[in-house]
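Below: one structure, written as structure tokens.
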Amino acid sequence: MGGAQARCPACGDVAVAGSTFCTSCGAKFVTATVPGEPPVEALAGAKPEAQKPERVPPGTVIDNKYKVDRVLGEGGMGVVYLAEDVHTGAFIVLKAVRPELAHRRDVRERTLGEGRVLARIDHPNVVHLNAVVEDTTGLWLVMQYIDGESLDKTIKRHADGGERVAFTVALDIFRQVLLGVAAAHREGIIHRDLKPANVLVRRKDGVAKVTDFGIAKPEEQARVGQGKTKGIIGSLWYMSPEQVQGKKDLDKRVDIYSLGILLFELLTGRVPFNADSSYELMRMHVEDPLPKVVSIRSDVPAWIDDLLGRACAKNRDERFGSVEEFLSALDAHMPGQPTHLPTHLPATGLTRIPSMPDATKIGADLQPTAAGTSITGPGSEGGGRGWIYALVGVAALGAGVAGVFFLLNGDNDKPRRRTTNSAPTSTLGTSATDAPPTSKPSASEAPRDPLESLVGTWKSEAGTKFEGVRVGDAIEFRVADAKQLAPSDYRDGEARFILRAETDGTFRVEDKIRPQPPVGKTFDPKSRNTCQEVWTEVDGRPLKATFDGTRLTVAFAKIAPRGGNFTVEDDAIVACSRLKDVSASQGSTVLVRGGS
């Protein structure tokens with residue numbers, strides 16, 4: 054049997070004598086000091102040692118492919134590294150289980166569970182999982198690298214400068230978050246820990262991506278309370294009443310509630326509920342009405358409070374039934390197409406905070422209760438005021454898995470009084486220094502924006518459909534149906550080309566070309582990072598577009614890659630190289646309104 058058997062003093066499972074850790078619960082065995090009696094700490098189960106995780110040295114190659122560059126962040130359960138794909142030169146993120154926790158089944162299963170969840174979701178507003186690999190160094194999630202910042206950093210950076218994110222920009226970011234969460238829900242996955250720290254906003258184009266599915270769960274399991282997770286899971290400031298009450302039959306409406314809290318914070322710069330104790334914060338989620346955004350920020354229309362009131366209803370039956378329903382309600386109030394901007398917004402993307410009393414004071418750290426608490430209030434399912442029951446442990450609040458992005462903080466999920474006016478921590482850049490205008494010009498005074506005339510649905514001469522979407526100082530023409538561009542590896546919602554306005558009434562073209570594959574070859578998903586080049590000129594002649602009010606004429610690059618530009622494995626293209634060196638010429642196409 055491989056050695057004498059004994060029982061773990063922490064969980065009672067059979068363990069091989071002489072082992073350092075229990076393979077069931079992860080408790081560290083301690084040699085008894087009295088014959089036949091284990092020490093007290095062994096009976097209680099070993100506490101995690103407060104030490105830095107062992108780091109993989111820079112230059113280490115994982116799975117013969119990923120060369121570690123540096124540590125991006127550390128969490129309670131893992132370490133996140135920036136790494137380079139040695140074959141393509143593309144940066145990726147490696148997420149590893151901390152070595153001292155690698156023996157624990159629950160930690161390993163949670164990591165694999167996050168990989169399984171992400172593998173089911175393929176959407177531009179969700180961080181992409183490239184692979185799950187395992188070698189002698191351990192178990193790794195290989196994930197998309199996002200150059201930008203997490204949304205909580207964006208909110209804090211604006212607040213530190215006495216600003217708030219402009220209303221339309223905030224709604225566009227939020228709309229993208231809705232789209233990402235909706236994609237997860239369509240795959241039957243509920244996130245359970247939605248918050249600004251788990252939304253990444255890419256620097257170059259303002260695309261928002263939902264991340265950190267470490268405690269996500271298939272909805273069919275959540276509905277019947279299946280799974281090994283114990284206690285309250287999530288971040289207390291964003292938890293639905295049914296979560297803080299310890300209910301087992303959770304469904305996607307817990308995410309609807311958290312999304313409402315996230316939008317409130319994005320608009321106001323603070324969370325709606327905050328307190329000096331975990332218990333009081335939980336009670337507020339169950340009993341207290343959501344504050345009105347219009348009482349904090351005067352430039353927000355009243356309908357936003359109606360929207361939030363429904364999203365954050367105490368009784369989940371009164372909330373939106375789906376993210377799609379939430380999105381439809383939002384779009385009904387927002388004319389035209391969404392506009393999303395880079396995270397480092399210029400002054401026009403900020404709103405000066407008016408002088409008013411601070412609704413949230415800074416306080417001491419929240420102290421989690423020693424015994425668990427559960428709350429039932431008059432506005433929640435179950436009703437009644439007998440809301441002190443020892444049902445769930447608040448200690449589980451720290452169980453969140455570290456995210457894939459480099460803005461990790463091991464203390465993110467500790468109960469702590471929330472504040473936005475501490476010293477800034479982001480190293481990705483500074484906020485805009487230009488003072489925002491004290492008032493906005495009226496619509497009649499505003500100069501005509503040539504980009505606005507390009508927003509909407511378009512169709513090319515060949516019948517290919519595009520959606521013109523405003524993105525800062527540009528219009529992205531996004532693919533409406535990727536099948537129309539096959540076998541090139543475009544995806545629905547991806548920008549096919551971008552237009553930027555020139556002073557002479559023309560537009561500069563950024564042609565985002567994905568080449569057609571050689572005959573008989575297909576693109577592997579891992580090729581997407583390298584199998585695209587942006588062309589702005591051909592043989593020194595810039596690509597231009599003109600619009601006569603009806604017809605949009607767009608110049609584009611026609612390229613002719615050769616076999617040597619593709620790296621092929623088993624008839625699948627896994628990478629491209631030197632696409633900018635291929636033979637190219639200019640062509641043009643005409644787009645007209647429509648496409649339905």
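In our numbering, the protein residues as written are 54 to 649. Even for Gly, the Cβ is constructed at its ideal location relative to N, Cα and C.
Worksheet item: By Cβ distance below 6 Å, which residues in the same chain neighbour P294 in space, the five residues on each side in sequence not counted?
Response: H338, V339, K367, S433
Worksheet entry | Under the three-state DSSP convention, the category K300 falls into | coil
Worksheet item: If you run the structure through DSSP and keep just helix, strand and coil, what is D688?
Response: Examination of residue 688 is not possible in this model, given that the chain is present from 54 through 649 alone.
Item to complete: For E240, I'd like the list of residues in its chain whose CB is within less than 6 Å of its CB, leaving aside the five on either flank, ordered along the chain.
Response: R173, I174
Item to complete: Note down the Cα distance separating T599 from R306, rounded to an integer number of angstroms.
Response: 46 Å
Worksheet item: Would you report the Cα separation of W588 and G299, rounded to the nearest angstrom?
Response: 54 Å
Discussion item. Please state the DSSP three-state secondary structure of V635.
Written reply: Coil, per DSSP.
Worksheet item: Can you round the beta-carbon distance between S641 and V607 to whole angstroms, since I take them to be within the 8 Å contact cut?
Response: 6 Å
Practice prompt. Take I566 as the anchor and find which of L632, S506, V627, Y119 has the nearest alpha-carbon.
Written response: Answer by Cα proximity: L632.
Practice prompt. Identify, in the order they occur along the chain, each residue of the same chain with its Cβ nearer than 8 Å to the Cβ of E377, setting aside the five sequence neighbours on each side.
Written response: A235
Worksheet entry | Whole-angstrom distance between P570 and D205, CA atom to CA atom | 41 Å
Worksheet entry | Sequence-distant residues of its chain with Cβ nearer than 7 Å to R604 (five each side left out) | V643, V645
Worksheet item: In three-state terms, what does DSSP make of Q46?
Response: Past the boundaries of the shown model lies residue 46; the chain is included only from 54 to 649, so the question cannot be answered.
Worksheet item: Since M196 is in the alpha helix (DSSP H), which residue starts that stretch and which ends it?
Response: From DSSP, M196 is part of no alpha helix (DSSP H) but of the beta strand (DSSP E) over 191-197.
Worksheet item: Roughly how many angstroms separate the alpha carbons of S630 and V218, rounded to a whole number?
Response: 39 Å
Worksheet item: Under three-state DSSP, which class holds V218?
Response: strand
Fill in: Among L165, M335, P111, I626, nearest to P568 - alpha-carbon criterion
Distances from the CA of P568 to each of L165, M335, P111, I626 were compared; the closest alpha carbon is that of I626.
Worksheet item: What's the gap between the Cα of K518 and the Cα of V532?
Response: 7 Å
Discussion item. Quick check on this structure: which residue in G313, I349, P325 has the alpha carbon closest to the alpha carbon of R372?
Written reply: G313
Worksheet item: Should G558 be labelled buried (16 or more other beta-carbon atoms within 10 Å of its own) or exposed?
Response: Counting of Cβ neighbours within 10 angstroms places G558 among the exposed residues, the total staying below 16.
Practice prompt. Name the residue from F266, I208, S330, E514 whose alpha carbon lies nearest to the alpha carbon of I243.
Written response: F266
Worksheet item: How big is the Cα-Cα spacing for V124 and V109?
Response: 9 Å
Worksheet item: In whole angstroms, what separates the C-alpha of V180 from that of P249?
Response: 14 Å
Worksheet item: Buried or exposed: where does H238 fall if 16 or more other Cβ atoms within 10 Å of its Cβ makes it buried?
Response: Answer is buried; the Cβ neighbour count reaches 16.
Fill in: Assigned exposure category for A261 - 16 Cβ within 10 Å defines buried
buried
Worksheet entry | Residue of V114, F530, D358, F609 minimising C-alpha distance to D188 | V114
Item to complete: Report all residues from its chain with a CB closer than 7 Å to the CB of V150; omit the five preceding and five following residues, and keep chain order.
Response: M130, G131, V160, R161, T164, G191, L192
Worksheet item: Does the beta-carbon distance from L383 to R523 come in below 8 Å?
Response: no
Worksheet item: When you compare each of H211, V297, S311, L303 to N251 by their alpha carbons, which one comes out closest?
Response: S311
Discussion item. Using DSSP's beta-bridge definition, name the partner residues of K597.
Written reply: DSSP lists R561 as the bridge partner or partners of K597.
Worksheet item: What is the DSSP secondary structure of A143, reduced to helix, strand or coil?
Response: coil
Worksheet item: So who's on the other strand from A628, going by DSSP bridges?
Response: Per the DSSP secondary-structure output, A628 pairs in a beta bridge with T620.
Practice prompt. Please report how far the alpha carbon of A515 lies from the alpha carbon of E622, in whole angstroms.
Written response: 33 Å
Worksheet entry | Element boundaries [alpha helix (DSSP H), containing E202] | No alpha helix (DSSP H) contains E202, which is instead part of the beta strand (DSSP E) from 201-203.
Worksheet entry | Through-space distance from A548 to L171, alpha-carbon basis | 23 Å
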